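Report on one structure; see the data block that follows.
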Amino acid sequence: MDKFLIKGPCKIRGQVSISGSKNAALPILASTILFDKTVIINNLPRVRDIDTMLNLLKSLGSNIQFFDKKKTVKITKNKKQKILAPYSLVKTMRAGILVLGPMIAKHNKSITSLPGGCLIGARPVNYHLNALKKLGMKYEIKKGYIHAISKGKLKGTNIKFSKISVGATENSIIASCLAKGKTILKNCAIEPEIKDLTNFLNSAGAKIKWIGKRTVQIIGVESLNETKYSIMGDRIETGTFCVAATLAKGDLLIKNFDPKIIQTELELLKKTGAKIKMLQNTIHIKGPKKINNVNSIVTKEYPNSLSTDLQAQFMVLLCLASGRSSITESIFENRFMHVAELRRLGAKIIVKGNKAIIEGQTEFIGAELMSSDLRASVALVLAAMVAKGQSVINRIYHLDRGYEKIENKLKKIGVNIKRLT
Ligand code: EPZ
1 MDKFLIKGPC KIRGQVSISG SKNAALPILA STILFDKTVI INNLPRVRDI DTMLNLLKSL
61 GSNIQFFDKK KTVKITKNKK QKILAPYSLV KTMRAGILVL GPMIAKHNKS ITSLPGGCLI
121 GARPVNYHLN ALKKLGMKYE IKKGYIHAIS KGKLKGTNIK FSKISVGATE NSIIASCLAK
181 GKTILKNCAI EPEIKDLTNF LNSAGAKIKW IGKRTVQIIG VESLNETKYS IMGDRIETGT
241 FCVAATLAKG DLLIKNFDPK IIQTELELLK KTGAKIKMLQ NTIHIKGPKK INNVNSIVTK
301 EYPNSLSTDL QAQFMVLLCL ASGRSSITES IFENRFMHVA ELRRLGAKII VKGNKAIIEG
361 QTEFIGAELM SSDLRASVAL VLAAMVAKGQ SVINRIYHLD RGYEKIENKL KKIGVNIKRL
421 T
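Right under this line is the structure:
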C-alpha cells in the first residue's frame, strides 16, 4: 500500500493549477445514461472515483474513449444497455447510487446495489428513494439491492426535500429530465457542482431552470442531444490549497478556479489573517505570520458556511492559531477521524459530540499517521507539511480517490513529499 513521506516544515511558493471537479464530474457522468447520442466531457480529474464511475458506466453498456491524457472522454452507447449496478463497483464509491435516477428514467428498470455505510456517517439513501418514488418509481430492497421499476416514463411532480441533500437533488434532477411534464424540486442543495450538472444537461437540450434560491423546475424532454462540456474546477481542491498557503506562510497563485465560488471559505481565511486577492479565475493568497483563531465555525450546506469537505483542513490551520477555536460538524455524524491522528502530531483538540474545540499554538512534530477518508487524509498531509521532522502517512489510497497528482502539485510549490510504493 502506498504511503507518503513528508519532511517538514516546508515553505510554499509558486503556482498551482486546479483540476476538474470530482463532485461535479460524478453526477455528470452518471447522467450520460440518459443519452442515446454522443457526449464529450472535458476537464475530467484523473482520480480513482472517476475511474470507478467510468467502469460502472462501461458495465452498464457505455463505450468510453479517452483523449488528452484521459482528461477528455467520449461516451457512446452499445445497442444493449444493462441495468445492474453491482455491489463490487458501488461499494467503493457512494456516488454509485447516482446511476439509479438516470437508469429508471431511461430504461424504466434498474437493479442498483445499496452503497452501504461509510466511515464519515451512516449516509442512507432514503431521500433519493423517496423522491424517485414520487416521480413514479416502485422499488423493493432485496439482499442489498434496490430492485426498481416504473410503468413507462416517470411523471413530473412537485417534491420538497425534508432535508437538503446533494446526491438526492442530483438524482432527482437527472431523473426528471426525461419525465412526462413538469417537475418542481424544492429545498434543493445548490452546491456549485449541482449548477454544473444542470448547465451540462441544459447544454444537451434539457429544460432545467432555477426559479428560486433552492427551487428548480424541470420540464421533461423526449431525448437529449449530442453535447460537449467542460467540467468546472474543483472547489475542495482549491480550498485545500488555500488552507495550505495560509498555514505555511505561503505565497501561492491558485489558477483555473473562479474565486467567487469559494467566497465563504476565503472570508474565513481572511479572518485567520490570510491576504487574498481575487483575480479572474485565479486566487493569490499569502499566509500571515500569526494565524488568528476563529470561534464557532459550523459546517453547513453551500453557500451558508464552511463546507464539510474543508472542515478537516481548516482544523489543521486552527491548531496553529494564536488562541482557542471551535468547529461544529453539522452535516455528517462522524467526520472527526483526523482528530486522533492530529493529536499524534501534537494537536490539542477536544471533541464534545459534533463540536471540536481546538486549543491553538500547536507545534506539530512529525509522526507516523494513518489515513481514514479522503478529506481527513489531506488534512494529515497539510499538518505533516508544517510539522518539524518526518511524517509517514499510510493508506493514501484514500487521497487518490479525490486529489489528482497531489504529490506532484505539492512538490512543485515546495513541499518535501515522496510517495513510497
Ligand atoms: C456529497 O455527498 C459529496 N459527494 C460529499 O463529498 C459531501 O461531503 C456531501 O455532498 C455534503 O456536501 C459527492 O458529491 C459525490 P448529502 P452526498 O446527500 O450527496 C444525509 C467528498 O469528500 N442523507 O448532501 O452523499 C447524509 O447522511 C465527499 O468529496 C440522508 O440522511 O451528501 C448526510 O448526513 C464526501 N439520506 C446529509 O444528509 C439521504 O438519502 C448530507 O448528505 C441522503 C443524505
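Numbered per the numbering used here, the sequence shown finishes at 421, counting up by one with no gaps. From the three backbone atoms N, C-alpha and C, an ideal C-beta is built for every residue, glycine too. Computed from a predicted structure; not experimentally measured.
Sub-9 Å separation of LYS372 and MET337 beta-carbons: By 1-based counting over the sequence shown, the position of residue 372 is 372. By 1-based counting over the sequence shown, the position of residue 337 is 337. Checking the displayed sequence, the identity of residue 372 turns out to be Ser instead of Lys. Their beta carbons are under 9 Å apart, which means SER372 touches MET337 by this criterion.
field: CB contact flag (GLU333, ILE120, <9 Å)
entry: The residue given as residue 333 occupies position 333 in the sequence shown. The residue given as residue 120 occupies position 120 in the sequence shown. Their beta carbons are under 9 Å apart, which means GLU333 touches ILE120 by this criterion.
task: Could you pull out every residue in the same chain whose Cβ sits closer than 8 Å to the Cβ of ASN55, ignoring the five residues on either side in sequence?
output: Within the sequence shown, numbered from 1, the residue matching residue 55 stands at position 55. These residues qualify, in order along the chain: LEU89.
message: Counting beta carbon pairs with one atom in the stretch 278-292 and one in the stretch 302-309, are three or more of them shorter than 8 Å?
response: no
field: Three-state secondary structure (DSSP) of CYS118
entry: Taking the first residue of the sequence shown as 1, we reach residue 118 at position 118. Correct three-state label for CYS118: strand.
field: CB contact flag (ILE6, VAL415, <9 Å)
entry: Position 6 of the sequence shown, counted from the start, is the residue given in the question as residue 6. Position 415 of the sequence shown, counted from the start, is the residue given in the question as residue 415. Cβ atoms of ILE6 and VAL415: closer than 9 Å.
- request: Using only the heavy atoms of ligand 1, determine whether one of them is closer than 8 Å to the beta carbon of ALA424.
  value: A query on residue 424 cannot be resolved here, the shown segment of the chain reaching from 1 to 421 and no further.
field: For ILE218 and ILE208, believed in contact at Cβ under 8 Å, the rounded distance
entry: For the purposes of this step, residue 208 is taken as residue 208 along the sequence shown, with counting starting at 1. For the purposes of this step, residue 218 is taken as residue 218 along the sequence shown, with counting starting at 1. 5 Å between Cβ atoms; contact.
message: What does DSSP give as the partner residue(s) for LYS270 in the beta ladder?
response: On the sequence shown, residue 270 is found 270 positions in, with the first residue counted as 1. DSSP, once it has assigned bridges, lists no residue as partnering LYS270.
Beta-carbon proximity check, LYS109 vs ALA85, cutoff 9 Å: Position 109 of the sequence shown, counted from the first residue, corresponds to residue 109. Position 85 of the sequence shown, counted from the first residue, corresponds to residue 85. No, the Cβ-Cβ distance between LYS109 and ALA85 is not below 9 Å.
- request: Output the distance between the C-alpha atoms of LEU34 and ASN225, rounded to the nearest integer angstrom.
  value: Start at 1 with the first residue of the sequence shown, and residue 34 comes out as number 34. Start at 1 with the first residue of the sequence shown, and residue 225 comes out as number 225. Rounded to whole angstroms, LEU34 to ASN225 spans 10 Å at the Cα level.
message: For VAL47, tell me which candidate among LEU60, ASN63, ASN23 and SER62 has the shortest Cα-Cα distance.
response: Indexing the sequence shown from 1 puts residue 47 at position 47. If we check each option's Cα against that of VAL47, ASN23 comes out closest.
query: MET315 by DSSP, collapsed to three states: which one?
result: Looking up residue 315 in the sequence shown gives position 315. MET315 falls in the helix class under three-state DSSP.
- prompt: Taking Cβ positions, are LYS345 and PHE314 nearer each other than 9 Å?
  reply: For the purposes of this step, residue 345 is taken as residue 345 along the sequence shown, with counting starting at 1. For the purposes of this step, residue 314 is taken as residue 314 along the sequence shown, with counting starting at 1. The residue asked about is misnamed: residue 345 is Leu in this sequence, not Lys. No, Cβ-Cβ distance for LEU345 and PHE314 is not below 9 Å.
message: For ASN158, list the residues DSSP reports as bridge partners.
response: Locating residue 158 in the sequence shown gives position 158, counting from the first residue. Per DSSP, ILE184.
message: For THR238 and GLY152, what's the separation of their Cα atoms in angstroms?
response: By one-based count along the sequence shown, residue 238 stands at place 238. By one-based count along the sequence shown, residue 152 stands at place 152. Approximately 43 Å, taken between the alpha carbons.
message: With a threshold of 8 Å (Cβ to nearest heavy atom), would LEU44 be considered close to ligand 3?
response: Summarising the ligand content, the structure contains ligand 1 and does not contain ligand 3.
message: Out of ARG343, ILE146, TYR145 and ILE190, which one is the CA nearest neighbour of LYS163?
response: As a working note, residue 163 is residue 163 in the sequence shown. It is ILE190.
Pair within 9 Å by beta-carbon distance, SER150 and LEU135: Counted from its first residue, the sequence shown places residue 150 at position 150. Counted from its first residue, the sequence shown places residue 135 at position 135. Yes, they are a contact pair.
8 Å Cβ shell around LYS270 - same chain, five flanking residues per side excluded: Looking up residue 270 in the sequence shown gives position 270. The answer, listed in chain order, is ILE276.
query: Just to confirm, does ARG48 get its C-beta within under 8 Å of one of the non-hydrogen atoms of ligand 1?
result: Here residue 48 refers to the residue found at position 48 when the sequence shown is read from its first residue. Checking the Cβ of ARG48 against ligand 1 gives no.
message: Distance cutoff 9 Å, beta carbons only. Does ALA175 sit that close to anything in chain D?
response: The chain labelled as chain D is not found in the depicted structure, where only one protein chain is given.
query: CB of PRO124 to nearest heavy atom of ligand 1: below 8 Å?
result: As a first step, residue 124 must be located in the sequence shown, where it is residue number 124. Checking every heavy atom of ligand 1 against the Cβ of PRO124, one is found closer than 8 Å.
message: On a Cα-Cα basis, can you pick out the residue from THR421, LYS418, LYS412 and LEU266 that is closest to ILE12?
response: Against the sequence shown, residue 12 aligns to sequence position 12. For the residues THR421, LYS418, LYS412 and LEU266, the minimum Cα distance to ILE12 belongs to LYS412.
field: Three-pair Cβ contact test at 8 Å for the stretch 183-197 versus the stretch 136-146
entry: no
query: Excluding sequence positions up to five away, which residues of its chain have a Cβ less than 8 Å from the Cβ of LYS180?
result: For this step, residue 180 is matched to residue 180 along the sequence shown. Excluding positions up to five away in sequence, the list reads LYS153, LEU154, LYS155, GLY156 and GLY220.
- request: Assign LYS134 to one of three DSSP states: helix, strand, or coil.
  value: As a position in the sequence shown, residue 134 is number 134, starting the count at 1. Three-state result, LYS134: helix.
query: Assuming MET53 contacts MET93 under a Cβ cut-off of 8 Å, what Cβ separation, rounded to an integer in Å, is found between them?
result: By one-based count along the sequence shown, residue 53 stands at place 53. By one-based count along the sequence shown, residue 93 stands at place 93. MET53 to MET93, Cβ: 7 Å. Contact.
query: Among the residues of its own chain, which have a CB less than 7 Å from the CB of SER203, if the five just before and after it don't count?
result: Here the question's residue 203 lines up with position 203 in the sequence shown. Contacts found: THR227 and TYR229.
- prompt: Would you call the CB atoms of ALA347 and CYS319 closer than 9 Å?
  reply: On the sequence shown, position 347 is the one that residue 347 refers to. On the sequence shown, position 319 is the one that residue 319 refers to. A contact, by the Cβ cut-off of 9 Å.
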